[in-house]
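*Asks:*
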Amino acid sequence: MPRCPNRPGLHPTLAPCLLKSLAFGTLALACASASAQLIRPDSATSPTQFNSRYDIGNAIDGSGMPVGFTLSDSHAAYANVENHWTTASGAIAAGNAWAVFNFNADQELGQFHLWNHQSSPGHASNATYAVLQFDLELRDAGGAVLLRLDDVAAVGGVDNATAQTFEFAATSGVRSVYFNIDRNGSVSGTSSYTGLAEVAFGSPIPEPGTYALMLAGLLAVTTAARRRQNPR
Ligand SMILES: [Ca+2]
Ligand SMILES: [Ca+2]
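Reminder that position 121 of the sequence shown reads as 120 in numbering that gives the first Met the number 0, one-by-one numbering, no gaps.
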């Protein structure tokens with residue numbers, strides 16, 4: 000990409016340069032929306048775990064995921080390594096199959112990404128563990144509830160599972176997210192173990208109208224610059 004002149008208003012090659020910037024800007028915008036940055040919790044707690052090897056930290060530390068992972072990457076198999084959070088048996092029925100994900104700073108969130116337990120192959124490759132229904136509660140720094148989603152349906156038993164994404168209303172000032180598992184893939188929906196492979200969050204996706212507005216703004220700038228370049 001050519002360098003833009005330092006004083007664009009006076010430079011004869013301004014308009015082409017701005018048009019190129021516009022094209023690159025639009026391209027960058029498209030790329031950004033295609034591979035949105037994942038927002039990962041800084042810490043997490045849960046009242047339940049199968050044992051210390053399968054604690055909630057395994058669901059937020061990128062374990063089982065490639066470095067710089069994206070939503071299309073699948074979580075590694077549950078092959079006897081500590082890369083998942085697994086609850087104690089009967090945690091759902093006991094009402095403690097929940098976790099809280101914390102952020103060190105306020106976040107604006109609009110998406111929740113969930114990697115369910117790998118269903119095959121490998122150790123503990125049991126689709127009954129997978130989360131099939133959950134609740135999500137976004138809270139501010141003082142613990143006040145900003146948004147709550149109840150009884151959200153998820154998919155379980157997917158081989159080489161990639162992320163499932165759940166969108167919600169844009170919410171800013173989020174410092175923690177409470178996640179509760181209602182139901183897993185067991186016959187009763189609540190028996191045995193459950194848990195998560197990995198989670199991440201995402202920024203709200205701009206409405207199509209927002210893109211149109213940004214484009215209109217850029218075009219207005221270009222038109223104004225052209226007028227300055229070619230005065231009557
Ligand atoms: Ca993991
Ligand atoms: Ca519920």
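Ideal Cβ placement from N, Cα and C applies to all residues, glycine included.
Since we're looking at a predicted model, the values are computed, not measured.
CA-CA distance, Phe111 and Ser71?
*Replies:* Start at 1 with the first residue of the sequence shown, and residue 111 comes out as number 112. Start at 1 with the first residue of the sequence shown, and residue 71 comes out as number 72. If I take the Cα positions, the gap works out to 14 Å.
*Asks:* Quick check on DSSP: helix, strand or coil for Gln228?
*Replies:* Here residue 228 is taken as the residue at index 229 of the sequence shown, counted from 1. DSSP places Gln228 in helix when its eight states are reduced to three.
*Asks:* May I have the straight-line CA-CA distance separating Gly142 from Ser175, to the nearest angstrom?
*Replies:* Residue numbering aside, residue 142 sits at position 143 when the sequence shown is read from its first letter. Residue numbering aside, residue 175 sits at position 176 when the sequence shown is read from its first letter. Rounded to whole angstroms, Gly142 to Ser175 spans 8 Å at the Cα level.
*Asks:* Could you check what DSSP says for Ser42 in three-state terms: helix, strand or coil?
*Replies:* Walking along the sequence shown from the start, residue 42 turns up at place 43. In the structure shown, the three-state DSSP call for Ser42 is strand.
*Asks:* CA-CA distance, Asn82 and Tyr53?
*Replies:* As a working note, residue 82 is residue 83 in the sequence shown. As a working note, residue 53 is residue 54 in the sequence shown. Their Cα atoms are separated by approximately 7 Å.
*Asks:* Rounded to the nearest angstrom, how far is the Cβ of Asp134 from that of Leu148, given a contact under 8 Å?
*Replies:* Sequence index remark: in the sequence shown, residue 134 carries index 135 (1-based). Sequence index remark: in the sequence shown, residue 148 carries index 149 (1-based). Your pair Asp134 and Leu148 checks out as a contact, with CB atoms roughly 6 Å apart and the cut at 8 Å.
*Asks:* First and last residue of the alpha helix (DSSP H) that includes Ala199?
*Replies:* Mapped onto the sequence shown, residue 199 falls at position 200. Looking at the DSSP string, Ala199 is not in any alpha helix (DSSP H); the run it does join, the beta strand (DSSP E), is Glu197 to Gly201.
*Asks:* Thinking Val198 and Ile59 are a contact (beta carbons under 8 Å), I'd like their distance in whole angstroms, please.
*Replies:* For the purposes of this step, residue 198 is identified with residue 199 of the sequence shown, where counting begins at 1. For the purposes of this step, residue 59 is identified with residue 60 of the sequence shown, where counting begins at 1. Indeed they touch by this definition, with Cβ atoms about 6 Å apart.
*Asks:* Could you spell out the range, first to last residue, of the beta strand (DSSP E) harbouring Ile180?
*Replies:* Indexing the sequence shown from 1 puts residue 180 at position 181. Segment Gln163 to Asn183, the beta strand (DSSP E) holding Ile180.
*Asks:* With DSSP run on the structure shown, which of helix, strand or coil describes Ala98?
*Replies:* Here residue 98 refers to the residue found at position 99 when the sequence shown is read from its first residue. If DSSP states are grouped into helix, strand and coil, Ala98 belongs with the strands.
*Asks:* Hey, how far is the Cα of Ser187 from the Cα of Ala126?
*Replies:* Locating residue 187 in the sequence shown gives position 188, counting from the first residue. Locating residue 126 in the sequence shown gives position 127, counting from the first residue. Ser187 and Ala126 have their alpha carbons spaced roughly 13 Å apart.
*Asks:* I think Gln106 touches Ala196, with their Cβ atoms under 8 Å apart; what is that distance to the nearest whole Å?
*Replies:* Mapped onto the sequence shown, residue 106 falls at position 107. Mapped onto the sequence shown, residue 196 falls at position 197. Actually they are not in contact, since the Cβ atoms of Gln106 and Ala196 sit about 22 Å apart, beyond 8 Å.
*Asks:* Could you pull the start and end residues of the beta strand (DSSP E) that Ala152 belongs to?
*Replies:* The residue given as residue 152 occupies position 153 in the sequence shown. Its beta strand (DSSP E) spans residues Val144 to Ala152.
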